[in-house]
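Student: Just so we're aligned, residue 1 is where the sequence shown starts under the UniProt record's numbering, counting upward by one. Questions regarding the structure given below will be posed in turn.
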Amino acid sequence: MATEALLKVKELKKHFDLGKNGLLKAVDGVSFEIYKGETLGLVGESGCGKSTTGRTVMGMYNNTDGDVHYEGKNVQQMTEKERFSFLRNMQMIFQDPYASLNPRSTVLELISELMGIHNLHKNKGEMKKTIPVC
Ligand SMILES: Nc1ncnc2c1ncn2[C@@H]1O[C@H](COP(=O)(O)OP(=O)(O)OP(=O)(O)O)[C@@H](O)[C@H]1O
Ligand SMILES: [Mg+2]
Numbered sequence: 001m002a003t004e005a006l007l008k009v010k011e012l013k014k015h016f017d018l019g020k021n022g023l024l025k026a027v028d029g030v031s032f033e034i035y036k037g038e039t040l041g042l043v044g045e046s047g048c049g050k051s052t053t054g055r056t057v058m059g060m061y062n063n064t065d066g067d068v069h070y071e072g073k074n075v076q077q078m079t080e081k082e083r084f085s086f087l088r089n090m091q092m093i094f095q096d097p098y099a100s101l102n103p104r105s106t107v108l109e110l111i112s113e114l115m116g117i118h119n120l121h122k123n124k125g126e127m128k129k130t131i132p133v134c
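The following block contains the structure:
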């Protein structure tokens, strides 16, 4: 096992201010580490904060407290360039495929679109062949 964790989540908190309905503590002090080659499953009842944990780890939500380090870098303090590279390695797989994926696109087009954004095609011709025309 590598000595340094790939992903280090420490005392992560994400609270939602619901105005007159108070404060919703969706994530309230979650800590875990993932090492290279490891798989971690987060299990819990509906509404316990699994997706909010994922979104906050990805930086889609600003955290209320705690911190997330990926390869030693604080996710919330990354430069735009570091963030782009981070998002090449970290991806959300959303629960509802009908809301997340365009059913009019082929699987090849859907995967290719993301590869295009991250310049992962071998050449421009390959990209043109597969990118959907919107
Ligand atoms: N953007 C938001 N604003 C306010 N409250 C939110 C927001 N997102 C999530 N919540 C609330 O935070 C709590 C945790 O929600 P979350 O979606 O993280 O749960 P979950 O464990 O992923 O549930 P499920 O298993 O149903 O996907 C819920 O009470 C939810 O209503
Ligand atoms: Mg969820």
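Backbone N, C-alpha and C define an ideal beta-carbon position, used for all residues, glycine too.
Output the distance between the C-alpha atoms of Ile34 and Met60, rounded to the nearest integer angstrom.
Tutor: 19 Å
Student: Leaving out five residues before and five after residue 192 in sequence, what residues of the same chain have Cβ atoms less than 6 Å from its Cβ?
Tutor: The chain is shown from 1 up to 134; residue 192 falls before or after that span and cannot be answered.
Student: For Gly54, does the three-state DSSP call read helix, strand or coil?
Tutor: helix
Student: What do you get for Leu40, buried or exposed, if any count of 16 or more other CB atoms within 10 angstroms of its CB means buried?
Tutor: exposed
Student: Do we get a CB-CB distance below 9 Å when we pair Gln77 with the residues of chain C?
Tutor: Looking for chain C here will not work: only one protein chain is present.
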